[in-house]
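Going letter by letter, the sequence shown gives residues 139 to 465 in our numbering.
Everything below concerns the one structure shown next.
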Amino acid sequence: MLILRILSGLVFWTVAIEARSVLNRQTHRSDVKHFESKLDITAGYWSPSTSSIDWCERNYVVTKYIAEFWNCISSLVMCLLAGILFVHGLYNRVEKRFLFLCLSFGIIGFGSAYFHGTLTHVGQMADELPMVYSMIIWWFILFRMDQFNKLTNKIYAFDLAIVFGIFYGVLWTYLHSLQSFVIIFQAHFALMVLGGIIKLTFLYRQTQHHTQSIMHLIMMYVGLLGPAIICWIIDQQLCERMNSKDGFNPQLHAWWHLFCAVDAHVGIVCGEGMRLLSINFKQYQAKHANLPRKSFKPEDHLHIDFHFGLPFVDYSNAKQIEKAKKQ
139 MLILRILSGL VFWTVAIEAR SVLNRQTHRS DVKHFESKLD ITAGYWSPST SSIDWCERNY
199 VVTKYIAEFW NCISSLVMCL LAGILFVHGL YNRVEKRFLF LCLSFGIIGF GSAYFHGTLT
259 HVGQMADELP MVYSMIIWWF ILFRMDQFNK LTNKIYAFDL AIVFGIFYGV LWTYLHSLQS
319 FVIIFQAHFA LMVLGGIIKL TFLYRQTQHH TQSIMHLIMM YVGLLGPAII CWIIDQQLCE
379 RMNSKDGFNP QLHAWWHLFC AVDAHVGIVC GEGMRLLSIN FKQYQAKHAN LPRKSFKPED
439 HLHIDFHFGL PFVDYSNAKQ IEKAKKQ
């Protein structure tokens, strides 16, 4: 709760202080990253554009109130999936770390819709900063997957990972709000995703996580990145041709949003499944201390349900989670 409050408050505080000067500098920009020979200067309700990037979708075509209509609408799918996971988590009383991750997932969706709908600097920050925050929470979950330590000293009750996460979020927020580093941000986020995948793979190799269900979720999580990246690249490299008079723009950046939304959903479910196995494994060791680790059968402790093609963790034995927390 602490890290979410600090980071969310920090966004508004920093952006509010720096927004006026940034907007003044960027009202007439010549350094906007775009993917056609000429920058789209179509005016609409939110004009002038103050973001540091303009995507391939033509601006204000569907309505004068939304700059990039399809990119904006497709972003809301993230909010929908995040809301479903959040309600599912509340109903099954999952740990707060996963509720925070679902919230950050939903905030990304709202921020992305705001950004593509307005093409403003503030909208761009509302899109890009939560992406980093969500990866900080994701990394915390991954690197605390098998830990159940409770902080007994309430006066000095600080988790080093939380402190570092807050510091990193504060630092990135300040630097990125001053200057929207498009390439640096994209490379930075890609490295955070790659690092998470590597850690996820190492966790899978542990006895308590080594199940076909987890393997299939990881394969889905990594596999969905393929078509997402293809859409991302083609949308940029063939933008001029797709937006030509005789061309057709399939709005591949909007498809990128859809693939990423499903991918994030699968990643969260995979994390929940691994954490449930870690909790069950801890309980199993407490009851069977004399048995070897390999006697634990993780496939007996995790079941994944699919609804409308999307995976969800079956928390039929959710009482085990509450029991583990009280230990």
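Virtual Cβ for every residue (Gly too), placed ideally from N, Cα, C.
Subject >> Cβ shell of F419 (< 7 Å), same chain only, five flanking positions each side left out >> reply: By one-based count along the sequence shown, residue 419 stands at place 281. These residues qualify, in order along the chain: Q346, F434.
Subject >> C-alpha distance - V232 paired with P430, whole-angstrom precision >> reply: In the sequence shown, residue 232 corresponds to position 94, counting from 1. In the sequence shown, residue 430 corresponds to position 292, counting from 1. Rounded to the nearest angstrom, the two C-alpha atoms are 28 Å apart.
Original post:
Going by C-alpha distance, which of F340, W310, T339 is nearest F327?
Top reply: Within the sequence shown, the letter at position 189 stands for residue 327. Out of F340, W310, T339, W310 has the C-alpha closest to the C-alpha of F327.
Original post:
For the putative contact between F253 and A264, defined by C-beta atoms under 8 Å, what is the C-beta separation to the nearest angstrom?
Top reply: Taking the sequence shown and counting its residues from 1, the one referred to as residue 253 is at position 115. Taking the sequence shown and counting its residues from 1, the one referred to as residue 264 is at position 126. The pair is a contact, with the Cβ atoms about 6 Å apart (cut-off 8 Å).
Original post:
Residue range of the alpha helix (DSSP H) that P268 falls in?
Top reply: Start at 1 with the first residue of the sequence shown, and residue 268 comes out as number 130. 259-281 is the extent of the alpha helix (DSSP H) around P268.
Original post:
Taking the alpha carbon of C210 as the point to measure from, which residue in Y422, A251, V400, F236 has its own alpha carbon closest?
Top reply: If you number the sequence shown from 1, residue 210 lands on position 72. Minimum Cα distance to C210 is reached at A251.
Subject >> For I367 and R343, the rounded distance between their alpha carbons >> reply: On the sequence shown, residue 343 is found 205 positions in, with the first residue counted as 1. On the sequence shown, residue 367 is found 229 positions in, with the first residue counted as 1. Each residue's Cα considered, the two are about 27 Å apart.
Subject >> Alpha-carbon to alpha-carbon, A399 and H445 >> reply: Counting from 1 along the sequence shown, the entry for residue 445 is found at position 307. Counting from 1 along the sequence shown, the entry for residue 399 is found at position 261. Between H445 and A399, the C-alpha separation is close to 16 Å.
Subject >> For F340, the first and last residue of its enclosing alpha helix (DSSP H) >> reply: Within the sequence shown, the letter at position 202 stands for residue 340. Its alpha helix (DSSP H) spans residues 320-342.
**OP:** Measure the Cβ-Cβ separation of L257 and S213 and say whether it is below 9 Å.
**Re:** Within the sequence shown, residue 257 is the residue found at index 119, counting from 1. Within the sequence shown, residue 213 is the residue found at index 75, counting from 1. No, they are not a contact pair.
**OP:** Using a threshold of 9 Å, state whether the C-beta atoms of L362 and D401 are closer than that.
**Re:** For this step, residue 362 is matched to residue 224 along the sequence shown. For this step, residue 401 is matched to residue 263 along the sequence shown. In this structure, D401 lies closer than 9 Å to L362 by Cβ.
Original post:
If you draw a straight line from the C-alpha of N230 to the C-alpha of Y453, how long is it?
Top reply: Counted from its first residue, the sequence shown places residue 230 at position 92. Counted from its first residue, the sequence shown places residue 453 at position 315. Straight-line Cα distance between these residues: approximately 6 Å.
Original post:
Hey, is the segment 388-398 in contact with the segment 187-198, meaning 3+ C-beta pairs nearer than 8 Å?
Top reply: yes
Original post:
According to DSSP, is F475 helix, strand or coil?
Top reply: In this structure the chain extends from 139 to 465, so residue 475 is not present and cannot be described.
Subject >> Rounded separation between H166 and H314 - CA only >> reply: Counted from its first residue, the sequence shown places residue 166 at position 28. Counted from its first residue, the sequence shown places residue 314 at position 176. With a pLDDT of only 46 at H166, under the threshold of 50, the placement of this residue in the model should not be trusted; the figure read from the coordinates follows. If I take the Cα positions, the gap works out to 20 Å.
**OP:** Could you spell out the range, first to last residue, of the beta strand (DSSP E) harbouring H445?
**Re:** What you label residue 445 is simply residue 307 of the sequence shown in a count that begins at 1. Element bounds for H445: 442-445.
Original post:
By Cβ distance, which residues of its chain are closer than 8 Å to H348, with the 5 residues on each side in sequence left out?
Top reply: Translated into the one-based positions of the sequence shown, residue 348 becomes position 210. The residues Y342, P436, in chain order, have a CB closer than 8 Å to that of H348 in the same chain once the five nearest residues on each side in sequence are set aside.
Original post:
Can you name, in chain order, every residue of its own chain whose Cβ lies under 7 Å from the Cβ of D284, other than the five neighbours on each side?
Top reply: By 1-based counting over the sequence shown, the position of residue 284 is 146. If we look at D284 and ignore the five residues flanking it on each side, its Cβ neighbours are S416.
**OP:** Could you check the C-alpha separation between I274 and R379 for me, to the nearest Å?
**Re:** Within the sequence shown, the letter at position 136 stands for residue 274. Within the sequence shown, the letter at position 241 stands for residue 379. If you take the alpha carbons of I274 and R379, they lie about 38 Å apart.
Subject >> Contact belief for F173 with Q374 at Cβ below 8 Å, rounded distance in angstroms >> reply: Here residue 173 is taken as the residue at index 35 of the sequence shown, counted from 1. Here residue 374 is taken as the residue at index 236 of the sequence shown, counted from 1. Contact holds; Cβ gap of about 5 Å.
**OP:** Along the alpha helix (DSSP H) that carries F450, what are the first and last residues, could you check?
**Re:** Here residue 450 is taken as the residue at index 312 of the sequence shown, counted from 1. Residue range 448-451 is occupied by the beta strand (DSSP E) that includes F450, with no alpha helix (DSSP H) assigned at that position.
**OP:** State the DSSP-derived secondary structure class of R163, mapped to helix, strand or coil.
**Re:** In the sequence shown, residue 163 corresponds to position 25, counting from 1. Interpretation of R163 is limited by its pLDDT of 46, a score under 50 that renders its predicted location unreliable; no figure is taken from the coordinates.
Original post:
Along the chain, where does the alpha helix (DSSP H) that runs through S315 open and close?
Top reply: For this step, residue 315 is matched to residue 177 along the sequence shown. Its alpha helix (DSSP H) spans residues 298-316.
**OP:** Leaving aside the five residues before and after L237 along the sequence, list all residues of the same chain whose C-beta is less than 8 Å from its C-beta, in chain order.
**Re:** Along the sequence shown, one-based indexing puts residue 237 at 99. Within the same chain, L237 has close Cβ partners F224, G227, L228.
**OP:** Can you have a look at M353 and say buried or exposed, based on whether 16 or more other CB atoms are within 10 angstroms of its CB?
**Re:** Numbered from 1 along the sequence shown, position 215 holds the residue referred to as residue 353. By the 10 Å Cβ count, M353 comes out exposed.
Original post:
What residue range is occupied by the uninterrupted alpha helix (DSSP H) comprising F253?
Top reply: The residue you call residue 253 lines up with position 115 of the sequence shown. 234-256 is the span of the alpha helix (DSSP H), which, as asked, contains F253.
Original post:
In angstroms, rounded to a whole number, what distance separates the CA positions of F450 and A181?
Top reply: Residue numbering aside, residue 450 sits at position 312 when the sequence shown is read from its first letter. Residue numbering aside, residue 181 sits at position 43 when the sequence shown is read from its first letter. C-alpha separation (whole angstroms): 43 Å.
**OP:** Check I371 in the structure and name its three-state DSSP category.
**Re:** Sequence index remark: in the sequence shown, residue 371 carries index 233 (1-based). DSSP places I371 in helix when its eight states are reduced to three.
Original post:
What is the DSSP secondary structure of I191, reduced to helix, strand or coil?
Top reply: On the sequence shown, position 53 is the one that residue 191 refers to. It is a strand residue.
Original post:
Which class does I204 belong to by DSSP, given the choice of helix, strand or coil?
Top reply: Numbered from its first residue, the sequence shown carries residue 204 at position 66. DSSP, reduced to helix, strand and coil, places I204 within a strand of the structure shown.
**OP:** Assuming T339 contacts I322 (C-beta within less than 8 Å), just tell me the rounded distance between them.
**Re:** What you label residue 339 is simply residue 201 of the sequence shown in a count that begins at 1. What you label residue 322 is simply residue 184 of the sequence shown in a count that begins at 1. Contact flag wrong, Cβ pair sits at about 26 Å.
**OP:** Would you kindly check if the distance between the Cβ of I191 and the Cβ of G255 is under 9 Å?
**Re:** For the purposes of this step, residue 255 is identified with residue 117 of the sequence shown, where counting begins at 1. For the purposes of this step, residue 191 is identified with residue 53 of the sequence shown, where counting begins at 1. Cβ atoms of G255 and I191: not closer than 9 Å.
Subject >> Status (buried if at least 16 other CB within 10 Å, exposed otherwise) for G409 >> reply: Numbered from 1 along the sequence shown, position 271 holds the residue referred to as residue 409. Looking at its Cβ environment, which holds 16 or more other Cβ atoms inside 10 Å, G409 is buried.
Original post:
What is the rounded straight-line gap between the Cα of Y312 and the Cα of I442?
Top reply: Mapped onto the sequence shown, residue 312 falls at position 174. Mapped onto the sequence shown, residue 442 falls at position 304. Roughly 40 Å between the two C-alpha positions.
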